[in-house]
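Asker:
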Amino acid sequence: GRRPSRGDGDGWQRRLPRDRWVGQKGTLLSAATAPALAPTPRPAPSPCASHPVPGPAPRDPRPAIRASRSSPSAHPGRPQPHPAPRTRAPGGASWARLPARPPARPRREPSPEEAEEERPPRPAPRSRPEDARRGRSLRSRPWPSSRVSLAARPPPPPPAPGPRSRALAVLPADRAPAAPAAPAADQGSWCLCQLNGAADLEVSEADIISTVEFNHTGELLATGDKGGRVVIFQREPESKNAPHSQGEYDVYSTFQSHEPEFDYLKSLEIEEKINKIKWLPQQNAAHSLLSTNDKTIKLWKITERDKRPEGYNLKDEEGKLKDLSTVTSLQVPVLKPMDLMVEVSPRRIFANGHTYHINSISVNSDCETYMSADDLRINLWHLAITDRSFNIVDIKPANMEDLTEVITASEFHPHHCNLFVYSSSKGSLRLCDMRAAALCDKHSKLFEEPEDPSNRSFFSEIISSVSDVKFSHSGRYMLTRDYLTVKVWDLNMEARPIETYQVHDYLRSKLCSLYENDCIFDKFECAWNGSDSVIMTGAYNNFFRMFDRNTKRDVTLEASRESSKPRAVLKPRRVCVGGKRRRDDISVDSLDFTKKILHTAWHPAENIIAIAATNNLYIFQDKVNSDMH
Numbered sequence: 005g006r007r008p009s010r011g012d013g014d015g016w017q018r019r020l021p022r023d024r025w026v027g028q029k030g031t032l033l034s035a036a037t038a039p040a041l042a043p044t045p046r047p048a049p050s051p052c053a054s055h056p057v058p059g060p061a062p063r064d065p066r067p068a069i070r071a072s073r074s075s076p077s078a079h080p081g082r083p084q085p086h087p088a089p090r091t092r093a094p095g096g097a098s099w100a101r102l103p104a105r106p107p108a109r110p111r112r113e114p115s116p117e118e119a120e121e122e123r124p125p126r127p128a129p130r131s132r133p134e135d136a137r138r139g140r141s142l143r144s145r146p147w148p149s150s151r152v153s154l155a156a157r158p159p160p161p162p163p164a165p166g167p168r169s170r171a172l173a174v175l176p177a178d179r180a181p182a183a184p185a186a187p188a189a190d191q192g193s194w195c196l197c198q199l200n201g202a203a204d205l206e207v208s209e210a211d212i213i214s215t216v217e218f219n220h221t222g223e224l225l226a227t228g229d230k231g232g233r234v235v236i237f238q239r240e241p242e243s244k245n246a247p248h249s250q251g252e253y254d255v256y257s258t259f260q261s262h263e264p265e266f267d268y269l270k271s272l273e274i275e276e277k278i279n280k281i282k283w284l285p286q287q288n289a290a291h292s293l294l295s296t297n298d299k300t301i302k303l304w305k306i307t308e309r310d311k312r313p314e315g316y317n318l319k320d321e322e323g324k325l326k327d328l329s330t331v332t333s334l335q336v337p338v339l340k341p342m343d344l345m346v347e348v349s350p351r352r353i354f355a356n357g358h359t360y361h362i363n364s365i366s367v368n369s370d371c372e373t374y375m376s377a378d379d380l381r382i383n384l385w386h387l388a389i390t391d392r393s394f395n396i397v398d399i400k401p402a403n404m405e406d407l408t409e410v411i412t413a414s415e416f417h418p419h420h421c422n423l424f425v426y427s428s429s430k431g432s433l434r435l436c437d438m439r440a441a442a443l444c445d446k447h448s449k450l451f452e453e454p455e456d457p458s459n460r461s462f463f464s465e466i467i468s469s470v471s472d473v474k475f476s477h478s479g480r481y482m483l484t485r486d487y488l489t490v491k492v493w494d495l496n497m498e499a500r501p502i503e504t505y506q507v508h509d510y511l512r513s514k515l516c517s518l519y520e521n522d523c524i525f526d527k528f529e530c531a532w533n534g535s536d537s538v539i540m541t542g543a544y545n546n547f548f549r550m551f552d553r554n555t556k557r558d559v560t561l562e563a564s565r566e567s568s569k570p571r572a573v574l575k576p577r578r579v580c581v582g583g584k585r586r587r588d589d590i591s592v593d594s595l596d597f598t599k600k601i602l603h604t605a606w607h608p609a610e611n612i613i614a615i616a617a618t619n620n621l622y623i624f625q626d627k628v629n630s631d632m633h
């Protein structure tokens with residue numbers, strides 16, 4: 005269809021044709037979705053001319069996000085400076101300062117007896133400067149072999165926004181759900197709960213796991229592979245009530261989601277590989293999920309049956325019609341128990357929406373819409389309509405030779421259905437507000453870290469490409485992963501990330517060889533824990549990394565059959581660059597780049613993680629603190 009005009013126009017009808025969200029018979033798509041694209045009156049001029057701030061729609065039923073630069077109410081959790089006392093000047097037209105206070109009268113000196121009674125207790129001795137220096141030096145030391153806290157804790161208070169910060173989509177602290185406090189987990193307390201997958205030396209390409217995703221409760225875990233299959237695991241009921249739950253997951257259902265196809269118009273083969281799986285919030289007894297390959301998105305419904313009807317009057321046990329002459333009496337059909345059977349049925353097929361390969365899908369918080377992103381466009385879909393979608397982002401230039409970047413990932417805000425973010429191959433993040441315009445080619449906020457000219461090289465643009473972006477559960481932060489680092493961004497500060505963690509900086513000297521074997525183009529994912537205090541991402545040699553945002557400590561663990569024994573505590577691993585190394589250290593030259601952990605997932609409420617390593621699915625759990633809340 006025709007895209008909306010990018011000019012201002014006199015009204016919303018000029019920017020968005022009526023046939024975008026109105027069916028052929030004139031019926032609206034959804035009452036909950038239509039106001040998202042309703043006409044928005046132009047706000048008053050912003051006090052900052054260089055950074056205009058669009059205002060919220062007057063009739064938008066979704067929660068509005070107020071924009072403010074210096075109002076104390078915009079950041080209720082942040083300490084505010086105490087202003088000088090002011091009073092209303094005569095006439096009420098301006099403000100004037102209060103006159104200076106008169107000097108206080110001299111105080112009478114107390115007697116020695118009164119001074120002895122009023123003397124406060126002696127304060128505790130202050131710590132020495134040597135102790136402070138010793139405390140700071142502990143942060144730079146490697147993790148000891150004893151237990152070190154790694155569990156979810158409340159994140160530190162966000163820093164004050166920089167001079168370039170603009171508060172368009174700031175999530176107020178009184179609206180955002182507070183991160184729950186969590187008991188301290190232990191670096192050495194992670195153990196292997198279970199391992200799914202064959203131990204074959206030669207792994208089939210179709211058996212390689214391509215995505216891992218927990219549902220919103222963590223009771224179900226879905227995996228997709230390059231063969232187009234989806235395997236759903238369900239947590240055992242006994243483990244949920246056991247005092248030392250080990251998080252056992254059994255196979256719940258397996259089905260073929262996609263088949264290989266061929267595009268005859270473009271002479272292009274479409275792989276059956278599952279790129280992404282996203283669970284929909286549960287509305288009834290059934291579960292629903294979205295799965296996608298490069299071109300087609302499918303909505304699946306998972307239901308259970310443990311009873312079957314019997315006693316039909318006109319049908320026999322095999323379901324065939326009876327001879328009416330043999331029916332001599334009437335009976336009431338009854339339901340009889342049967343073995344549990346899980347049925348998976350396709351409910352919707354969303355096809356022909358993308359010209360390029362789909363790299364991500366994200367379900368909106370309104371539970372009625374979702375978006376899908378390819379290299380150059382992002383489409384907004386309604387879950388009930390399959391034959392059309394609305395294009396909300398299009399970065400394709402008129403001349404493809406002018407193309408400088410592509411879209412790599414996108415995600416909706418977890419609480420505000422009008423906000424979404426997408427990342428690019430240049431390492432930038434763009435936050436868009438669908439209330440400001442129907443077509444979000446112009447972002448509301450741009451998050452980009454300036455590049456250090458001294459570190460500029462041939463591989464700078466390749467390693468800065470963002471492979472994954474995730475909103476925190478509170479909605480205040482964003483987590484991004486590029487080739488060498490993982491970064492945490494504050495929605496209130498665009499100039500730079502508030503936290504940067506080096507995943508495998510020891511590979512910086514090997515970028516040339518990684519470019520030759522195409523490993524430099526690997527796309528690693530990242531994940532938050534349930535309270536947004538610990539982040540996780542994968543690395544090479546089947547290593548995965550965890551970073552504690554509070555203590556700034558990190559740990560490297562390994563997912564392998566040789567080093568992971570059931571119920572045994574994982575030992576931290578360390579990569580040695582050169583010189584002397586310990587017995588358990590591994591040299592950077594000994595890393596196996598064919599063994600890589602690209603896909604990870606963290607249970608939304610407990611310290612349970614799922615790691616996909618080639619064709620094996622590892623499930624680890626904190627042996628000491630299984631519950632984060």
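In this text, residue positions in the sequence shown follow our numbering: the first is 5, and each later residue adds one.
Ideal Cβ placement from N, Cα and C applies to all residues, glycine included.
Specify the secondary structure class of Thr254 as computed by DSSP and reduced to three states.
Answerer: Here the sequence assigns Asp to residue 254, which means Thr is not the residue at that position. Reduced to three states, the DSSP call for Asp254 is strand.
Asker: Among residues of its own chain, excluding the 5 on either side of Ile278, which ones have a beta-carbon nearer than 7 Å to its beta-carbon?
Answerer: The residues are Ser214, Thr215, Gly228, Asp229, Gly232, Val234, Ser261, His262, Ser295 and Asn297.
Asker: Which of helix, strand or coil does DSSP assign to Met342?
Answerer: Met342: strand per DSSP, three-state reduction.
Asker: Taking the alpha carbon of Met342 as the reference point, which residue from Pro313, Ser369 and Ile353 has its own alpha carbon closest?
Answerer: Per the Cα distances, Pro313.
Asker: Under 7 Å, do Ala531 and Thr412 count as touching if we go by C-beta distance?
Answerer: Not in contact: Ala531 and Thr412 (Cβ atoms no closer than 7 Å).
Asker: Return the CA-CA distance between Leu269 and Val538, expressed in angstroms with no decimal places.
Answerer: Straight-line Cα distance between these residues: approximately 47 Å.
Asker: Could you give the distance in angstroms between the alpha-carbon of Ala441 and the alpha-carbon of Lys569?
Answerer: Straight-line Cα distance between these residues: approximately 54 Å.
Asker: Just the Cα atoms here: how many angstroms apart are Val346 and Phe259?
Answerer: Val346 and Phe259: Cα-Cα distance of roughly 11 Å.
Asker: Between which two residues does the alpha helix (DSSP H) containing Tyr519 stretch?
Answerer: Per DSSP, Tyr519 belongs to the alpha helix (DSSP H) from Leu515 to Glu520.
Asker: Among the residues of its own chain, which have a CB less than 8 Å from the CB of Ala572, if the five just before and after it don't count?
Answerer: Result list for Ala572: Cys195 and Leu196, in chain order.
Asker: Between the alpha carbons of Ser369 and His420, how many angstroms are there, rounded?
Answerer: Taking the straight line from one Cα to the other gives about 7 Å.
Asker: Near Asp379, which residues of its chain fall below 8 Å by C-beta distance, leaving aside the five closest residues on each side in sequence?
Answerer: Excluding residues within five positions, the ones whose Cβ falls inside 8 Å are Tyr360, His361, Asn363, Val410 and Ile411.
Asker: Around the Cβ of Ala377, are there at least 16 other Cβ atoms within 10 angstroms (buried) or fewer (exposed)?
Answerer: Ala377 is buried by the Cβ-count criterion.
Asker: When you compare only the Cα positions, how much space is there between Ser432 and Met375?
Answerer: Taking the straight line joining both Cα atoms gives about 20 Å.
Asker: Of all Cβ atoms in chain B, is any one closer than 7 Å to the Cβ of Ile213?
Answerer: In summary, chain B is missing from the structure at hand, where a single protein chain is found.
Asker: For a minimum of 3 consecutive residues, which ranges assigned as the beta strand (DSSP E) are wholly contained in the stretch 458-527?
Answerer: Taking only runs of at least 3 residues, the beta strand (DSSP E) segments lying wholly in the stretch 458-527 are 472-475, 481-485, 489-494 and 503-506.
Asker: How close, in whole Å, do the beta carbons of Ser471 and Lys527 come, if the pair is a contact with beta carbons under 8 Å?
Answerer: With 8 Å as the limit, Ser471 and Lys527 qualify as a contact, their Cβ atoms being about 4 Å apart.
Asker: Indicate whether Leu318 and Leu325 have their beta-carbon atoms separated by less than 7 Å.
Answerer: Yes.
Asker: Are Glu415 and Ser464 closer than 7 Å when you measure CB to CB?
Answerer: Cβ atoms of Glu415 and Ser464: not closer than 7 Å.
Asker: Can you name the start and end residues of the beta strand (DSSP E) that Phe237 belongs to?
Answerer: Its beta strand (DSSP E) spans residues Arg233 to Arg239.
Asker: Note the first and the last residue of the continuous beta strand (DSSP E) segment covering Glu452.
Answerer: Segment: none, Glu452 is in no beta strand (DSSP E) and carries neither H nor E.
Asker: If you draw a straight line from the alpha carbon of Ser461 to that of Cys516, how long is it in whole angstroms?
Answerer: Approximately 11 Å between the Cα atoms of the pair.
Asker: Just mark Ile353 as buried or exposed, buried being the case when its beta carbon has 16 or more other beta carbons within 10 Å.
Answerer: Exposed.
Asker: Look up Ile590 in the DSSP assignment and give the residues it is bridged to.
Answerer: DSSP, once it has assigned bridges, lists Val579 as partnering Ile590.
Asker: Considering only residues of the same chain and omitting the five flanking positions on each side of Pro418, which have a CB-CB separation below 7 Å?
Answerer: If we look at Pro418 and ignore the five residues flanking it on each side, its Cβ neighbours are Ser369, Phe475, His477 and Gly479.
Asker: Does the stretch 574-584 come close enough to the stretch 485-503 that 3 or more CB-CB pairs lie under 8 Å?
Answerer: Contact fails: fewer than three Cβ-Cβ distances are below 8 Å.
Asker: How many Å lie between Val207 and Cys580 at the Cα?
Answerer: The straight-line gap from Cα to Cα measures roughly 29 Å.
Asker: Does DSSP put Met375 in a helix, in a strand, or in coil?
Answerer: DSSP places Met375 in strand when its eight states are reduced to three.
Asker: Our contact map puts Phe634 next to Asn403 with C-beta atoms below 8 Å; I'd like the distance itself, whole angstroms only.
Answerer: Residue coverage of the chain in this structure runs from 5 to 633, which leaves residue 634 outside it and unanswerable.
Asker: Measuring alpha carbon to alpha carbon, tell me which residue in Ser458, Leu488 and Val473 is nearest Ile467.
Answerer: Answer by Cα proximity: Leu488.
Asker: Kindly indicate which residue of Asn200, Asp593, Val397 and Met550 has the alpha-carbon position closest to the one of Thr560.
Answerer: Residue Met550 is the option with its Cα nearest to Thr560.
Asker: Helix, strand or coil, according to DSSP, for Leu380 in the structure here?
Answerer: DSSP places Leu380 in coil when its eight states are reduced to three.
Asker: Would you decide whether Tyr316 is buried or exposed? Buried here means 16 or more other CB atoms lie within 10 Å of its CB.
Answerer: Tyr316 should be labelled exposed.
Asker: For the candidate residues Pro401, Ile281, Pro264 and Met540, whose alpha-carbon lies nearest to that of Ile274?
Answerer: Among Pro401, Ile281, Pro264 and Met540, the Cα nearest to that of Ile274 belongs to Pro264.
Asker: Let me know if Gly222 comes out buried or exposed under the rule of 16 or more other beta-carbons within 10 Å of its beta-carbon.
Answerer: The residue in question, Gly222, is buried, as its Cβ has 16 or more Cβ neighbours within 10 Å.
Asker: Just to confirm before moving on: does the CB-CB distance between Ile396 and Cys444 stay below 7 Å?
Answerer: Result yes, Cβ atoms of Ile396 and Cys444 sit closer than 7 Å.
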